[in-house]
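Colleague: The opening residue of the first sequence carries number 1 in full-length UniProt numbering; numbering runs sequentially from there.
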Amino acid sequence: MAASTQKTSWADDVDELEHPKNEDFIDENGIRTVVEYTVNDEGKKVKITRRIKRTLQKSIVEHTVAERQKWAKFGAEKGKKAGPDRATTTVGENVALKLSAGNKVGEAEPAPEENVKQQLARAGAGKVVCRLCKGDHFTAKCPYKDTLAGLETADAGLGDDDALHEPAAAPAVGAASSGKYVPPSMRGAGGARVAGESMRGSSGRDDLPTLRVTNISEDTQENDLRELFGIFGRVARVYVGRDRETGYGKGFAFVSFEDRAAAQKAIDKVHGKGYDNLILSVQWSQPRPEQR
DNA sequence: GATGAGCGG
Numbered sequence: 001m002a003a004s005t006q007k008t009s010w011a012d013d014v015d016e017l018e019h020p021k022n023e024d025f026i027d028e029n030g031i032r033t034v035v036e037y038t039v040n041d042e043g044k045k046v047k048i049t050r051r052i053k054r055t056l057q058k059s060i061v062e063h064t065v066a067e068r069q070k071w072a073k074f075g076a077e078k079g080k081k082a083g084p085d086r087a088t089t090t091v092g093e094n095v096a097l098k099l100s101a102g103n104k105v106g107e108a109e110p111a112p113e114e115n116v117k118q119q120l121a122r123a124g125a126g127k128v129v130c131r132l133c134k135g136d137h138f139t140a141k142c143p144y145k146d147t148l149a150g151l152e153t154a155d156a157g158l159g160d161d162d163a164l165h166e167p168a169a170a171p172a173v174g175a176a177s178s179g180k181y182v183p184p185s186m187r188g189a190g191g192a193r194v195a196g197e198s199m200r201g202s203s204g205r206d207d208l209p210t211l212r213v214t215n216i217s218e219d220t221q222e223n224d225l226r227e228l229f230g231i232f233g234r235v236a237r238v239y240v241g242r243d244r245e246t247g248y249g250k251g252f253a254f255v256s257f258e259d260r261a262a263a264q265k266a267i268d269k270v271h272g273k274g275y276d277n278l279i280l281s282v283q284w285s286q287p288r289p290e291q292r
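Below, the structure written as structure tokens:
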């Protein structure tokens, strides 16, 4: 084992051979671009370009970690400047772990069923096929969405034919006896659903009383606006218009209230008022173009 | 001055 001094690691060799040089830089907008070269299943070389917008969080690094970053480098890196050298070090993004009900742990390979889906997908490669009526539009835009949507679940217990022939009529209660769980909002596609219509169909959060707030500073956050408008009533939704690339605000936002009166009050009170050294403009928003 | 993202392969 008295070996010759091999300074480079085996990993270096592999990288050199297989891949052209990877790139990693941050442009003037603060957008980081990472270019990777890799080899795919078919043995073809693939170039992967990822553009990562800067994070708006002020402090994403724990104090103790920040301290450590100031340590002088040692060993082979001795004398190099502080901070990760992108040529040798991969810096991971912060990963937020999201847990949700029904999350499948360690979900393995696709079931046989999956192949069917894939075949369907391939048959219409590049085409749009509605899952509900097989038309050439997105499911979300299906003209029969309202009538067919709830039936997807109910069908299973009913047999497709009947349901499709008489959609609006009333597959109704039968579904309940199928043994399959049907959420309350979906029960009784015909009559009973009218009562619960507010949740799912065409109405719902889309027609919440919404204000457009303009002339906000570019770093105004959703929370700032919640805070500002929350005093008038329950705020259902806040959207801040941002540049998708940079993450900077574009100077406007939408604030939806649950209660129209509260929204009106907010207009009266906030429109023309100063905020962040800017004069806010608050008015009713125009509904976004057709979205069903 | 400015009227939303993303879903769907």
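A virtual CB, placed ideally from N, CA and C, is assigned to each residue, including glycine.
1. Can Ala-253 and Val-235 be called in contact, C-beta distance under 8 angstroms?
2. Which stretch, first to last residue, makes up the alpha helix (DSSP H) that contains Phe-257?
3. Would you mind reading off the limits of the beta strand (DSSP E) that contains Val-282?
4. Report all residues from its chain with a CB closer than 7 angstroms to the CB of Asp-243; omit the five preceding and five following residues, and keep chain order.
5. Drop a sphere of 10 angstroms on the beta-carbon of Val-238, count the other beta-carbons inside from all chains shown, and report buried for 16 or more, exposed for fewer.
6. Secondary structure at Asp-23, three-state DSSP: helix, strand or coil?
7. Can you tell me which residues form a DSSP beta bridge with Tyr-239?
8. Looking only at its own chain, which residues have a Cβ that is under 8 angstroms from the Cβ of His-271, when we skip the five neighbours before and after it?
9. Distance check for Ile-231 and Phe-257, CA to CA, integer angstroms please.
10. Gly-274 bridges to which residues according to DSSP?
11. Taking the alpha-carbon positions, what's the Pro-209 to Asp-268 distance?
12. In this structure, does DSSP put Arg-212 in helix, strand or coil?
13. On the three-state DSSP scale, how would you describe Gln-69?
14. Pick helix, strand or coil for Ile-231, following the three-state DSSP scheme.
15. Does the beta-carbon distance from Ala-266 to Leu-225 come in below 8 angstroms?
16. Whole angstroms is fine: what's the gap from Val-173's alpha carbon to Thr-147's?
17. When we look at the beta-carbon of Thr-89 and count the other beta-carbons within 10 Å, is it buried (16 or more) or exposed?
18. Does the distance from the C-beta atom of Leu-278 to that of Asn-223 stay below 8 angstroms?
Modeller: Reading off the structure:
1. no
2. It is not in any alpha helix (DSSP H) - Phe-257 instead sits in the beta strand (DSSP E) that spans 249–257.
3. Taken as a continuous stretch (DSSP letters only), the beta strand (DSSP E) holding Val-282 covers 281–284.
4. Lys-250
5. Classification of Val-238: buried, given that the 10 Å Cβ count is 16 or more.
6. First, the residue type needs correcting, since residue 23 is Glu and not Asp in the sequence shown. In the structure shown, Glu-23 sits in a strand (DSSP, three-state: E or B).
7. Phe-254
8. Leu-280, Ser-281, Val-282 and Gln-283
9. 11 angstroms
10. Ile-279
11. When rounded, the distance between both Cα atoms is 15 angstroms.
12. strand
13. helix
14. coil
15. Cβ distance not < 8 angstroms, so Ala-266 and Leu-225 don't count as in contact.
16. With a pLDDT of 42 at Val-173, under the threshold of 50, the modelled position of this residue cannot be trusted; read the value that follows with caution. Cα to Cα, the separation comes out at about 16 angstroms.
17. The residue in question, Thr-89, is exposed, as its Cβ has fewer than 16 Cβ neighbours within 10 Å.
18. It is not a contact, given that the beta carbons lie outside the stated cut-off.
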